[in-house]
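> Residue 172 in the numbering used here sits at position 24 of the sequence shown, with consecutive numbering throughout.
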Amino acid sequence: MIIDEAYELLFPGKTSPYTFTLDYSARFKGYNANVRKRGRDISFHLSSKWKTVSKEIVIGLIQDLLIRILHERGIKSTMNIEMY
Numbered sequence: 149m150i151i152d153e154a155y156e157l158l159f160p161g162k163t164s165p166y167t168f169t170l171d172y173s174a175r176f177k178g179y180n181a182n183v184r185k186r187g188r189d190i191s192f193h194l195s196s197k198w199k200t201v202s203k204e205i206v207i208g209l210i211q212d213l214l215i216r217i218l219h220e221r222g223i224k225s226t227m228n229i230e231m232y
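This is how it looks when you write it as C-alpha cells:
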C-alpha cells in the first residue's frame with residue numbers, strides 16, 4: 149500500500165505499529181486531504197483529484213500528514229515532501 153511505502157521512507161528500518169486506511173472522496177474541494185488518528189488506526193481521506201497525481205507527490209502528501217498527526221519533530225524533509 150502507498151501509505152506503508154510512505155511510512156517506510158519516512159522512518160527507515162522501523163515497523164509501523166499503526167493500521168492505515170486510505171479513502172478517496174469527491175466531497176473535498178480542490179486537492180484537499182485530511183488525516184485522523186484513533187488509537188492505533190490512522191485514516192487518510194484524500195480528494196478524488198489526487199488519483200491522477202504521480203505516486204511520488206502523493207507519498208509526499210502522506211508523509212507530511214504523518215509528521216503532523218504523529219507530532220514528530222526533527223525529521224528532515226524527504227525528496228517526496230519537497231516534490232509535494
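Ideal placement from N, C-alpha and C gives every residue a C-beta, glycine not left out.
Just so it is clear, the structure is predicted and the values come from calculations on it, not from any experiment.
Quick one: give me the first and last residue of the beta strand (DSSP E) that N182 is part of.
Indexing the sequence shown from 1 puts residue 182 at position 34. Boundaries of the beta strand (DSSP E) harbouring N182: 181-186, taken from the DSSP string.
> Can you tell which of K224, K162, D171, G161 has the C-alpha that lies nearest to the C-alpha of I150?
Here residue 150 refers to the residue found at position 2 of the sequence shown. When each option's Cα is compared against that of I150, the closest is D171.
> For I307, count neighbouring C-beta atoms within 10 Å of its own C-beta (all shown protein chains included) and say buried if the count is 16 or more, exposed if not.
Nothing can be reported for residue 307, as the shown portion of the chain is limited to 149 through 232.
> Using DSSP's beta-bridge definition, name the partner residues of I190.
For this step, residue 190 is matched to residue 42 along the sequence shown. I190 pairs with F168, K185.
> Who are S173's beta bridge partners in DSSP?
Working through the sequence shown from its first residue, we reach residue 173 at position 25. DSSP links S173 through a beta bridge to S195.
> Taking Y155 as part of the alpha helix (DSSP H), name the residues at either end of that continuous run.
Looking up residue 155 in the sequence shown gives position 7. Residues 150-158.
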